[in-house]
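First residue of the sequence shown? That's 110 in my numbering, and the numbers climb one at a time after it.
Here a beta-carbon is modelled for each residue, glycine too, at the ideal position from N, C-alpha and C.
Report on the following structure.
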Amino acid sequence: MIKINVAEIKKRLVGAKTFAFALEPAELEITPEEMALVGSVKLEGTISNVGDVLLLKAQLSGQVKRTCGRCLKEFTAAAEAEVVEKFYPAGAENIENDAFVYDSDVIEITEPLREGLLLAEPMQALCKPDCRGLCPVCGADLNKGDCGCDRLTVDPRLAALKQFIKN
Ligand SMILES: [Zn+2]
Ligand SMILES: [Zn+2]
């Protein structure tokens with residue numbers, strides 16, 4: 110759980126507080142199944158009093174193990190997220206849907222950080238933008254060189270195209 114004491118900035122209208130932490134995945138409540146973080150995650154942020162709400166702005170950066178969607182190789186990449194969230198005092202009027210609420214001098218920022226980092230993960234990871242993937246015929250990693258298979262006849266659409274070019 111990551112908590113920030115906001116007692117001071119609540120009193121001053123233009124108050125802001127900066128903070129920096131190194132967080133373990135468990136502190137972010139991220140399990141290895143959700144995201145295979147490697148080592149700790151760097152957090153830098155500010156909480157500012159912008160009048161009726163407290164505004165959290167945070168930057169997260171760490172390392173994550175991903176599996177390439179084309180060649181299935183596991184690789185380590187940078188995981189980064191930017192989080193901007195409003196925290197409303199409990200009982201305030203016009204609280205936005207799903208907004209975070211605080212009712213003491215301490216706000217709990219684990220949830221927005223956790224969500225931000227998980228949402229920033231790509232749906233399909235690639236070990237490199239031009240990864241050539243695996244040969245559909247023999248399963249060889251085409252990044253390591255061509256295996257010599259005739260892959261054009263595998264896909265019927267491509268086979269038709271081949272026939273067309275031949276004619
Ligand atoms: Zn790949
Ligand atoms: Zn092959």
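Beta-carbon proximity check, residue 187 vs residue 168, cutoff 8 Å: Position 78 of the sequence shown holds residue 187. Position 59 of the sequence shown holds residue 168. At the C-beta level, residue 187 and residue 168 stay beyond 8 Å of one another.
Inter-stretch contact at 8 Å, needing at least 3 Cβ pairs: the region 193-212 / the region 141-155: Using a Cβ-Cβ distance cut-off of 8 Å, the region 193-212 and the region 141-155 are not in contact, since fewer than three pairs of beta carbons, one from each stretch, lie closer than that value.
Candidates 226, 251, 159 and 217: closest to residue 122 by CA position: Numbered from 1 along the sequence shown, position 13 holds the residue referred to as residue 122. When the alpha-carbon of residue 122 is set against those of 226, 251, 159 and 217, the nearest one is in 159.
For residue 219, the three-state DSSP class (helix, strand or coil): As a working mapping, residue 219 is identified with position 110 in the sequence shown. The three-state secondary structure of residue 219, taken from DSSP, is helix.
Residues that residue 171 bridges to, as DSSP identifies them: The count along the sequence shown starts at 1 and reaches residue 171 at position 62. Paired residue(s): 188.
Nearest neighbour of residue 185, chosen from 230, 195 and 192 [CA to CA]: In the sequence shown, the residue the question calls residue 185 occupies position 76. Considering only alpha carbons, the answer is 230.
Any non-hydrogen atom of ligand 1 closer than 7 Å to residue 179 Cβ: In the sequence shown, the residue the question calls residue 179 occupies position 70. The beta carbon of residue 179 sits closer than 7 Å to at least one heavy atom of ligand 1.
Nearest to residue 235 (by Cα), restricted to the options 259, 134, 174 and 198: Within the sequence shown, residue 235 is the residue found at index 126, counting from 1. When only C-alpha atoms are compared, the closest one is 174.
Distance between residue 241 and residue 259 (C-alpha atoms, nearest Å): Against the sequence shown, residue 259 aligns to sequence position 150. Against the sequence shown, residue 241 aligns to sequence position 132. If you draw a straight line from the Cα of residue 259 to the Cα of residue 241, it comes to about 15 Å.
Rounded C-alpha distance that separates residue 239 from residue 254: To locate residue 239, count along the sequence shown from 1; it is residue 130. To locate residue 254, count along the sequence shown from 1; it is residue 145. Those two C-alpha atoms are separated by around 14 Å.
Check: residue 258 C-beta below 7 Å from any heavy atom of ligand 2: Looking up residue 258 in the sequence shown gives position 149. Checking every heavy atom of ligand 2 against the Cβ of residue 258, one is found closer than 7 Å.
Residues of its chain near residue 141, where Cβ-Cβ distance is below 8 Å and the 5 sequence neighbours each way are ignored: Here residue 141 refers to the residue found at position 32 of the sequence shown. Taking residue 141 as the centre and dropping the five residues before and after it, the same chain places the C-beta of 134 closer than 8 Å to its C-beta, in chain order.
Cβ neighbour criterion (16 or more within 10 Å) applied to residue 181: As a working note, residue 181 is residue 72 in the sequence shown. It is exposed - the Cβ of residue 181 has fewer than 16 other Cβ atoms within 10 Å.
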